[in-house]
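J.: Add 19 to the 1-based position in the sequence shown for the working numbering, that's all there is to it.
Glycine residues also receive a C-beta, built at the ideal position from the N, C-alpha and C atoms.
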Amino acid sequence: MFQKILIANRGEIALRVLRAAKELGIQTVVVHSTADADAMHVRLADESVCIGPPPARDSYLNIHQIVAACEITGADAVHPGYGFLSENAKFADILAAHKITFIGPSGDHIRTMGDKIEAKRTAKRLGIPVVPGSEGAVTEESEAKRIAADIGYPVIIKASAGGGGRGMKVARTEEDLEIALDTARSEAGAAFGDDAVYIEKYLEKPRHIEVQVVGDGAGNAIHLGERDCSLQRRHQKVWEEANSPALNDEERAKIGETCSKAIADMSYSGAGTIEFLYENGEFYFIEMNTRLQVEHPVTEAITGIDLVHEQIRVASGGGLSVRQNEIRFQGHAIECRINAEDPRTFTPSPGTITHFHTPGGLGIRVDSGVYSGYRIPPYYDSLIGKLIVHGRNRVECLMRLRRALDEFVVDGIKTTLPLFRDLVGNPDIANGDYDIHWLEKHLAQNP
Ligand code: MV4
């Protein structure tokens, strides 16, 4: 097991990792920018190292400073959290070269999944159902037209270096296709320095359902069921739940087994998420994330398994703590992302939190790095906390969530709490009747 873990992140996720390390009796080091000297992760860690000025590229993304912080403190492993360097293959490789363990998959696995064409090819080879489309990159208009005619319109052009919704263009007819291909390619080239694009059948009203997996790097893997993350705005998830209201136990077991087998076959190490679009009872792979995700607590709530413990265990060579046949999915969990944003316009609202009071009681978890009197710096993302609610079933979960939202007080700044008070009383939400477009439509119709 590791002696000392360096946490290369900030905010709620830095605390999340700190807590897991403490429970395992591992010393903790955090790094921070000058803007985060008063942050909770700095206060709670055993040691801290200031690695640079506020801009993330000079601090939380500065690989050399982070490696230096490891050398100075004697950290033998790094947990990257999510965002920042968590899916940076070069960072994983550099740490390996310094004999420091990256708590995550190999640089090669990160690289494969970061290239969306390669990711899709790999998924298909491993027996994961993918969206019908081009086998690889498409450059010629004639080729694009042939593929589109074959799979049928509408189609979507995606950047191989994109992901998370960046660099996508929908073509509804052959006339649209030429412009879509050209703009997608030039935008991809400008944004990512890689103009490779691919074509897929465009699914009109899917849900976003993702499967949590963990591999031990030695050919064993488990799945921890799915999360439904269909409630998004501009590709930012807002509300996530497990189980998905759309799946039955049989579907869950089938897609879960497909995913865990694929992860085992590639000898993947660490936590990962296989993302699907789900429409008319079918799953279609879109991307794989090779990190811990913001919404992992809903999976922890229904399985009782600490995903960060598992990450640390497998990274240190200790293997998984559970076998698939020991995993049960109990009850229902919902996560609300509390952002320091205007609940209508979503413009960031940094500033001082004058009062912060979190809800409590059975089935309530709040993961947050803020406190009363904390000043939110303007340099980083606006997530200030997550409310995760667990109940024996979805109805109980929603009742409890409504009560928890009533108790939650954040004064001094604007937050997205009012949005959740609206959503929790909405009949479509109560019925689990929503797709990836529901939230944006709801916001447009209720000004
Ligand atoms: C799609 C799609 C429809 N058809 N692919 C957006 C984020 C990126 N991860 C994939 N995305 C989409 N890919 C096909 N073939 C619709 C989206 C999409 C979306 C997906 C998940 C959650 C929210 C979304 C909002 C708009 C579009």
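Would the beta-carbon of V333 fall within 8 Å of that of G289?
T.: Residue numbering aside, residue 333 sits at position 314 when the sequence shown is read from its first letter. Residue numbering aside, residue 289 sits at position 270 when the sequence shown is read from its first letter. Cβ atoms of V333 and G289: closer than 8 Å.
J.: Report whether the distance from the Cβ of I305 to the nearest heavy atom of ligand 1 is below 7 Å.
T.: Taking the first residue of the sequence shown as 1, we reach residue 305 at position 286. At least one heavy atom of ligand 1 is nearer than 7 Å to the Cβ of I305, so yes.
J.: Please classify R310 as buried or exposed, where buried requires at least 16 other C-beta atoms within 10 Å of its C-beta.
T.: For this step, residue 310 is matched to residue 291 along the sequence shown. Counting Cβ neighbours within 10 Å, R310 comes out buried, since at least 16 surround it.
J.: Using alpha carbons as the reference points, say which of A359, G171, E206 lies closest to L222.
T.: Translated into the one-based positions of the sequence shown, residue 222 becomes position 203. When only C-alpha atoms are compared, the closest one is G171.
J.: For ligand 1, is there a heavy atom less than 7 Å away from the beta-carbon of E66?
T.: To locate residue 66, count along the sequence shown from 1; it is residue 47. No.
J.: Taking 7 Å as the line, does the beta carbon of E219 fall inside it for any heavy atom of ligand 1?
T.: Locating residue 219 in the sequence shown gives position 200, where the first residue counts as 1. Result yes, Cβ under 7 Å from ligand 1.
J.: Can you list, in chain order, the residues of its chain with a C-beta nearer than 6 Å to that of A203? Leave out the 5 residues immediately preceding and following it.
T.: Residue numbering aside, residue 203 sits at position 184 when the sequence shown is read from its first letter. If we look at A203 and ignore the five residues flanking it on each side, its Cβ neighbours are I176, K188, V216.
J.: Can you tell me which of the three DSSP states G126 falls into?
T.: As a first step, residue 126 is located in the sequence shown; it is residue number 107 there, counting from the start. Helix.
J.: Under the three-state reduction of DSSP, which class applies to F21: helix, strand or coil?
T.: In the sequence shown, residue 21 corresponds to position 2, counting from 1. Here F21 sits in coil by DSSP.
J.: Report the option in K41, L104, E137 whose CA atom is closest to the CA atom of I305.
T.: By one-based count along the sequence shown, residue 305 stands at place 286. Out of K41, L104, E137, E137 has the C-alpha closest to the C-alpha of I305.
J.: Can you give me the Cβ contacts of M418 inside the same chain, cut-off strictly under 8 Å, excluding the 5 residues immediately before and after it?
T.: Sequence index remark: in the sequence shown, residue 418 carries index 399 (1-based). Around M418: G410.
J.: Is DSSP giving I147 helix, strand or coil here?
T.: Against the sequence shown, residue 147 aligns to sequence position 128. Reduced to three states, the DSSP call for I147 is coil.
J.: I need the straight-line Cα distance from G182 to D214, nearest angstrom please.
T.: As a working note, residue 182 is residue 163 in the sequence shown. As a working note, residue 214 is residue 195 in the sequence shown. Each residue's alpha carbon lies about 13 Å from the other.
J.: Would you identify the three-state DSSP class for M285, choosing helix, strand or coil?
T.: The residue labelled residue 285 in the question sits at position 266 within the sequence shown. Coil at M285, not helix or strand.
J.: Starting from V429, follow its DSSP beta bridges and name the residues at the other end.
T.: For the purposes of this step, residue 429 is taken as the residue at position 410 of the sequence shown. Per DSSP, F375.
J.: Quick one, which of G380, R363, P73, R29 has its alpha-carbon nearest R440's?
T.: Your numbering for residue 440 matches position 421 in the sequence shown. Answer by Cα proximity: R363.
J.: Helix, strand or coil: which one does DSSP assign to E206?
T.: Reading the sequence shown from its first residue, position 187 is the one you call residue 206. In the structure shown, E206 sits in a helix (DSSP, three-state: H, G or I).
J.: Is the beta carbon of H51 less than 8 Å from the beta carbon of G388?
T.: Here residue 51 is taken as the residue at index 32 of the sequence shown, counted from 1. Here residue 388 is taken as the residue at index 369 of the sequence shown, counted from 1. In this structure, G388 does not lie closer than 8 Å to H51 by Cβ.
J.: Let me make sure I understand the geometry here. Which of S263, E31, I166, S179 has the alpha-carbon closest to that of K220?
T.: The count along the sequence shown starts at 1 and reaches residue 220 at position 201. Taking only the C-alpha atoms, the option nearest K220 is I166.
J.: Just to confirm, are S205 and D134 a CB contact at a threshold of 8 Å?
T.: Sequence index remark: in the sequence shown, residue 205 carries index 186 (1-based). Sequence index remark: in the sequence shown, residue 134 carries index 115 (1-based). Not closer than 8 Å, so no.
J.: Classify I343 as helix, strand or coil using the three-state DSSP reduction.
T.: The residue labelled residue 343 in the question sits at position 324 within the sequence shown. In the sequence as presented, Ile is not what sits at residue 343; that position holds Gln. Correct three-state label for Q343: helix.
J.: Please give me, in chain order, every unbroken run of the beta strand (DSSP E) with length at least 3 that falls completely inside the segment 22–91.
T.: Those beta strand (DSSP E) runs which fall completely within the segment 22–91 and span 3+ residues are 23–26, 46–52, 66–71.
J.: What does a CB cutoff of less than 7 Å around V111 pick up in its chain, not counting 5 residues either side in sequence?
T.: By one-based count along the sequence shown, residue 111 stands at place 92. Correcting the residue type first, residue 111 is Ala in the shown sequence and not Val. Closer than 7 Å at Cβ, skipping near neighbours: F121, G123, S125, G126, I129.
J.: Assuming the contact rule is C-beta atoms closer than 8 Å, G291 and V232 should be a hit. Round their C-beta distance to whole Å, please.
T.: Counting from 1 along the sequence shown, the entry for residue 291 is found at position 272. Counting from 1 along the sequence shown, the entry for residue 232 is found at position 213. Yes, G291 and V232 are in contact; Cβ-Cβ is about 5 Å, under 8 Å.
J.: Less than 7 Å between the CB of V150 and some heavy atom of ligand 1, yes or no?
T.: For the purposes of this step, residue 150 is identified with residue 131 of the sequence shown, where counting begins at 1. Yes, the beta carbon of V150 sits closer than 7 Å to at least one heavy atom of ligand 1.
J.: Would you say the beta carbon of M132 is closer than 7 Å to some non-hydrogen atom of ligand 1?
T.: Counting from 1 along the sequence shown, the entry for residue 132 is found at position 113. No, the Cβ of M132 stays beyond 7 Å of every heavy atom of ligand 1.
J.: May I ask which residues mark the beginning and end of the beta strand (DSSP E) holding S249?
T.: Position 230 of the sequence shown, counted from the first residue, corresponds to residue 249. Segment 240–252, the beta strand (DSSP E) holding S249.
J.: Candidates L438, V327, K460, V443: which alpha carbon is nearest E415's?
T.: As a first step, residue 415 must be located in the sequence shown, where it is residue number 396. Comparing Cα-Cα distances from E415 to each of L438, V327, K460, V443, the minimum goes to V443.
J.: Tell me the residue span of the alpha helix (DSSP H) that contains L462.
T.: As a first step, residue 462 is located in the sequence shown; it is residue number 443 there, counting from the start. Looking at the DSSP string, the run of the alpha helix (DSSP H) that includes L462 is 457–464.
J.: Look up H351 in the DSSP assignment and give the residues it is bridged to.
T.: Against the sequence shown, residue 351 aligns to sequence position 332. Note: H351 sits in a beta bridge opposite G410.
J.: Measuring alpha carbon to alpha carbon, tell me which of I383, D454, Q343, A94 ends up nearest R422.
T.: Within the sequence shown, residue 422 is the residue found at index 403, counting from 1. Considering only alpha carbons, the answer is I383.
J.: Which residue marks the beginning of the beta strand (DSSP E) containing D235, and which one marks its end?
T.: Translated into the one-based positions of the sequence shown, residue 235 becomes position 216. Where D235 is concerned, the enclosing beta strand (DSSP E) stretches over 226–235.
J.: Whole angstroms is fine: what's the gap from I395's alpha carbon to E159's?
T.: What you label residue 395 is simply residue 376 of the sequence shown in a count that begins at 1. What you label residue 159 is simply residue 140 of the sequence shown in a count that begins at 1. Looking at the two C-alpha atoms, the distance is approximately 48 Å.
J.: Within 7 Å: the Cβ of P264 and any heavy atom of ligand 1?
T.: Position 245 of the sequence shown holds residue 264. Result no, Cβ not under 7 Å from ligand 1.
J.: Hey, how far is the Cα of V150 from the Cα of Y303?
T.: Within the sequence shown, residue 150 is the residue found at index 131, counting from 1. Within the sequence shown, residue 303 is the residue found at index 284, counting from 1. Whole-angstrom Cα-Cα distance: 5 Å.
J.: To the nearest angstrom, how far is the alpha carbon of E42 from that of G100?
T.: Here residue 42 corresponds to residue number 23 of the sequence shown, with the count starting at 1. Here residue 100 corresponds to residue number 81 of the sequence shown, with the count starting at 1. So the two alpha carbons sit approximately 17 Å from each other.
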